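Structure record follows, encoded as structure tokens.
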Amino acid sequence: MGTAWRGTGWCFVPEVAPPSLALNDLQAQRQCLGDRIERRIARVLEHGQYIMGPEVAELEESLAARTGAAHVVTCSSGTEALLLALLAWEVGPGDAVFVPTFTFTATAEVVALLGATPVFCDVAPDTFNLDPMSLSAGIRAVQSAGRLRPRVVMPVDLFGQPAEYPTLQRIASEHGLQVLSDAAQSFGATLSTTAVGRFGDATATSFFPAKPLGCYGDGGAVFTDDAELASVMRSLRLHGGGSDKYDTVRIGLNARLDTIQAAVLLAKLEVFDKELHDRAEIADRYTAALGERLSTPQLAPGRRSAWAQYTVRTPNRDAVRSSLRETGVPTAIYYPRPLHAQPAFRHLAVVPNDCRVSQELSASVLSLPMHPYLKPSDQDYIIEELLRCVTRSGC
Ligand SMILES: *Cc1c(COP(=O)(O)O)cnc(C)c1O
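The opening residue of the sequence shown carries number 365 in the working numbering; numbering runs sequentially from there.
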């Protein structure tokens, strides 16, 4: 896939002056794709099957082939993907679902929507992913309180790096928990030879435009090897339908992926491997230039990240960020507050150590521009200005 696009000079991106740098340049990608997306969309406009058209099945087959997952159920967003799996498992009131507190709100939101209780755990300081020790502590705390039933753990592959699955899966099976991987940021990543999509009992991903593989709207998918789970989720995404359209066998949702979005994704999949490769190269270049002065991302052994974000840590983060802004370098803070400190979740319990690492990360992380079309000269500019701002801030 995409081999014809390897090497240099495979596409032309016009010069962009540093002040118009973007965190994620979707327009540059569109220029590189030429008219592939338009052609794919035009085909949908011709056949007119806007809902569950042939591109949806084609995409599901192609995602299954790519990851090795037995079943792929596409859906309307990454949030819906998480929700479909939890709904299918009938997670609800009285159930404890263990989530990292350093993540996007959707991870815990779906748990709370179903009336279950998110139990916030801490993350590891090097990978920013769910800390197995904190998970174990969380399970013990729930068991000894005796009020909730431990049901599911939801590791998040933060910024594109697969979580500590071998250890997390062992802990989960010791306690009879199901594992739902929140891979919204990591589609395309691998751990050893295993692709994201094959971890846990089910994996949810997102095709939100800014994710490593994004469509032109909202979209998502669930991956699983469990045929029964896949069939329940297929029913749930279509209003809980049974054998025909007006047979309703369970309470479901309208959670389908639009045919046009499937068409966009099929076009983008053609260059996805090349894009992953380029993201990794950009990350390596950042790390080589910044590693001595800043805390740069650490990959655990055997990981290949999808590099949804390239996130450094620096003490005077807010000062560094505002002086960088003046030089035209956009940055983002993922995430300025751990979820357990958000007003909507504040009343919920957190795991004993107070999620100290997550608190510290919230105060020090800074995500730099990262996308496959970031030119070396723009990267040099970002590196130079960042180092200058760090020096000026006295770190
Ligand atoms: C983006 C994201 C989601 C939600 O995906 P949507 O497609 O925006 O609904 C869930 N979890 C994490 C960690 C995310 O980054």
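Even for Gly, the Cβ is constructed at its ideal location relative to N, Cα and C. None of the values given here were measured: they were computed from a predicted structure.
Looking at residue i: is its Cβ nearer than 8 Å to the Cβ of residue j?
i           : j           : result
residue 576 : residue 727 : no
residue 629 : residue 423 : yes
residue 326 : residue 450 : Residue 326 cannot be examined here, being either before or after the span of the chain that is shown, 365 to 759.
residue 442 : residue 568 : yes
residue 564 : residue 544 : yes
residue 514 : residue 546 : no
residue 532 : residue 516 : no
residue 435 : residue 588 : yes
residue 527 : residue 494 : yes
residue 694 : residue 392 : no
residue 480 : residue 506 : no
residue 491 : residue 662 : yes
residue 484 : residue 715 : yes
residue 697 : residue 730 : yes
residue 440 : residue 621 : yes
In the DSSP assignment, the alpha helix (DSSP H) including residue i goes from what residue to what residue?
i           : result
residue 625 : 623-654
residue 742 : 740-756
residue 471 : 470-477
residue 408 : 400-411
residue 496 : 496-509
What did DSSP end up calling residue i once you bin it into helix, strand or coil?
i           : result
residue 482 : strand
residue 731 : strand
residue 439 : strand
residue 535 : helix
residue 619 : coil
residue 566 : strand
residue 462 : strand
residue 557 : coil
residue 710 : coil
residue 584 : strand
residue 418 : helix
residue 449 : helix
Rounded to whole angstroms, what's the CA-CA distance from residue i to residue j? Just pull it up for me.
i           : j           : result
residue 745 : residue 642 : 18 Å
residue 674 : residue 431 : 24 Å
residue 373 : residue 396 : Confidence is the limiting factor: at residue 373 the pLDDT is only 44, short of 50, which leaves the residue's position unreliable and the question unanswerable from this model.
residue 601 : residue 414 : 16 Å
residue 626 : residue 420 : 5 Å
residue 678 : residue 754 : 8 Å
residue 637 : residue 711 : 43 Å
residue 367 : residue 522 : With a pLDDT of only 37 at residue 367, under 50, the local geometry of the prediction cannot be trusted, and the value read off the model is given with reservation. One C-alpha to the other measures close to 28 Å.
residue 496 : residue 676 : 23 Å
residue 510 : residue 748 : 54 Å
residue 708 : residue 718 : 17 Å
Going by C-alpha to C-alpha distance, which of the options sits closest to residue i?
i           : options               : result
residue 616 : 494, 448 and 561      : 448
residue 738 : 462, 685, 484 and 649 : 649
residue 734 : 711, 713, 667 and 651 : 651
residue 721 : 610, 758 and 464      : 464
residue 550 : 578, 410 and 665      : 578
residue 478 : 466, 503 and 452      : 452
residue 566 : 591, 556, 573 and 605 : 591
residue 687 : 708, 644 and 751      : 751
residue 571 : 444, 702 and 384      : 444
residue 670 : 560, 573 and 403      : 560
In terms of residues, what are the limits of the beta strand (DSSP E) holding residue i?
i           : result
residue 578 : First-last for residue 578: undefined, no H or E at that position.
residue 760 : The first residue shown for the chain is 365 and the last is 759, placing residue 760 beyond what the model contains.
residue 693 : Element bounds for residue 693: n/a, residue is neither H nor E.
residue 515 : 513-517
Which residues neighbour ligand 3 when neighbourhood means a C-beta less than 6 Å away from any of its non-hydrogen atoms? List them by chain order. As presented, the structure is devoid of ligand 3, carrying ligand 1 as its sole ligands.
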